[in-house]
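Student:
Number of protein chains: 2
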Amino acid sequence: MDAPTPASSSAPALTLERFLPYRLVALSARTSNALARIYAERFELTIPQWRVIATLGQSPVATARDIASHGMMHKSTVSRAVSALVARGLLRKEPNAHDMREEHLRLTDAGRRIYDSIVPEALAFEARLMTALDPQERRLFLAMIDKLDAQARSLAPDMEIEA
Amino acid sequence: MDAPTPASSSAPALTLERFLPYRLVALSARTSNALARIYAERFELTIPQWRVIATLGQSPVATARDIASHGMMHKSTVSRAVSALVARGLLRKEPNAHDMREEHLRLTDAGRRIYDSIVPEALAFEARLMTALDPQERRLFLAMIDKLDAQARSLAPDMEIEA
DNA sequence: CAGGATCAGTCTCACGCGCAACCAATTTAT
DNA sequence: ATAAATTGGTTGCGCGTGAGACTGATCCTG
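Sequences listed follow chains G and U, in order.
To convert, note that position 153 of the first sequence is 153 in the working numbering; the numbers rise steadily by one, no gaps.
To convert, note that position 129 of the second sequence is 129 in the working numbering; the numbers rise steadily by one, no gaps.
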């Protein structure tokens, strides 16, 4: 790409390189792709599958609906990821006697082993990424993400997000 | 979702809410979706189409390859977006006499009008989002994104990214 | 100045996704 | 009590995508 030639336009300049949504997408795509290598190539997990496992690793029992909202996924995406994981023996469905519509999901031992294998690598990756910032910056950065996320929610309140 | 129950696991804790890649994806998805409403619903543009237009709004002439790398898209994605935009009369292909392999792409007047309509709205959206941060924080935040992006590149150097 | 590597862009294929219709269980209203 | 509305989850469908093969053009190297 050439140097950004000013467009023959009357509109105020929109320079993607300085446009926040663009920067966010770029950074998030880069880190996600790098991280995906861990669980995709080495553990044969898709992104939704990893999100299901990550959620259940953190909260041992959850319904598909919980997982969908927590992982910002469509419920059909979760449903398919769950089916695949159950078929692989990494997840178990347990009927909920109090509400037969929902099913409680739980990692099997094999599922937890995979989770336990991925977590240290994911944390190590995060740590390597974070070396770009000093400790104070890290706190600041996460705090600012929180603020921006809250603001984004308030700007599009009714939106059910998909990643 | 319930309160994060500690998992019965020996692995170090991975709490998604505090995991940087997760936070980045969440924020980036939220802002992208909100922004997409502008150009998707009101101008009937897909995300790749908007990226093509945004790039050409900024650098009036570019090849498909330029646009792909600039917008972090696969070349086939760009190819299809370009075809659709040409069909709609928003883009023009011009053969390059010096290299018959590539084609120079340029917005038509209609294309530029759409670009000029979207830009102020996109900038207004960014501004509204940015109100969550004070001016100094904004500079800091963008600088930290740059640092993290550079670090992410160095951690996965050979990776050709897709958003 | 040939022949092989490289490059721009298109096209086919298979797949994963979001959507929306759907089913079954449960809650609410009448 | 019963019908209507709501909710959790699944499934069929259509579409857009990424991977990668392929075509034609250009460049490199001997």
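A virtual CB, placed ideally from N, CA and C, is assigned to each residue, including glycine.
For clarity, every value in this text was computed on a predicted model and none was experimentally measured.
Pick helix, strand or coil for R92/G, following the three-state DSSP scheme.
Tutor: For R92/G, the three-state secondary structure derived from DSSP is strand.
Student: Closer than 6 angstroms by C-beta to V78/U: which residues in its own chain qualify, once you throw out the five before and the five after it? Chain order, please.
Tutor: A64, I67, A68
Student: Taking the DSSP output, what are the residues bridged to H74/U?
Tutor: DSSP, once it has assigned bridges, lists no residue as partnering H74/U.
Student: Do you know how far the Cα of E17/U is from the Cα of D146/G?
Tutor: 10 angstroms
Student: Per DSSP, which residues does R30/U bridge with? Please list them.
Tutor: Partner(s): none; R30/U has no beta bridge.
Student: Who are the neighbours of R128/G on chain U, taking C-beta pairs under 7 angstroms?
Tutor: L155
Student: With 8 angstroms set as the bound, which would you pick, yes or no: does the beta-carbon of D109/U sit closer than that to a beta-carbon of chain G?
Tutor: No, because no Cβ of chain G sits closer than 8 angstroms to the Cβ of D109/U.
Student: For P21/G and chain U, any beta-carbon pair shorter than 8 angstroms?
Tutor: yes
Student: Within 8 angstroms, do at least three Cβ pairs link the region 47–65 of chain U to the region 105–122 of chain U?
Tutor: Counting Cβ pairs under 8 angstroms, three or more are found: they touch.
Student: Under 8 angstroms between beta-carbons, which chain G residues line up against T131/U? List them in chain order, please.
Tutor: Q151
Student: Can you find a C-beta in chain U that's less than 8 angstroms from the C-beta of M144/G?
Tutor: yes
Student: Say whether chain U places a C-beta atom closer than 8 angstroms to the C-beta of K75/G.
Tutor: no
Student: For P21/U, tell me which candidate among M100/G, E44/G, N33/G, F43/G has the shortest Cα-Cα distance.
Tutor: N33/G
Student: Is L148/G close to chain U, meaning its C-beta is less than 8 angstroms from at least one C-beta of that chain?
Tutor: yes
Student: Give me whichever residues DSSP pairs with R80/U in a beta bridge.
Tutor: R80/U pairs with nothing; no bridge assigned.
Student: Using a threshold of 8 angstroms, state whether the C-beta atoms of L133/G and T108/G are closer than that.
Tutor: Cβ distance not < 8 angstroms, so L133/G and T108/G don't count as in contact.
Student: Buried or exposed: S83/U, going by 16 or more other Cβ atoms within 10 Å of its Cβ?
Tutor: exposed
Student: Does any CB atom of chain G fall closer than 8 angstroms to the CB of T15/U?
Tutor: yes
Student: Which ranges does the beta strand (DSSP E) cover as unbroken runs of at least 3 residues, wholly within the region 80–151 of chain U, from first to last along the chain?
Tutor: 91–95, 103–107
Student: Does the Cβ-Cβ distance between L129/G and Q151/U come in under 8 angstroms?
Tutor: Taking the C-beta atoms as reference points, Q151/U is found nearer than 8 angstroms to L129/G.
Student: Under 8 angstroms, Cβ to Cβ, is there at least one residue of chain U near E94/G?
Tutor: Closer than 8 angstroms: no.
Student: Report buried or exposed for A26/G, applying the criterion of at least 16 other Cβ atoms within 10 angstroms of its Cβ.
Tutor: buried
Student: Starting from the C-beta of P60/G, find all residues in its chain whose C-beta is less than 8 angstroms away, skip the five residues before and the five after it, and write them out in chain order.
Tutor: The answer, listed in chain order, is R106, L107.
Student: If we define contact as Cβ-Cβ less than 8 angstroms, is Q136/U a contact residue for chain G?
Tutor: no
Student: Between F141/U and chain G, is the shortest Cβ-Cβ distance under 8 angstroms, so that the two count as touching?
Tutor: With respect to chain G, the C-beta atom of F141/U has a partner C-beta closer than 8 angstroms.
Student: Name the chain G residues whose beta carbon is nearer than 9 angstroms to that of A122/U?
Tutor: L14, F19, P21
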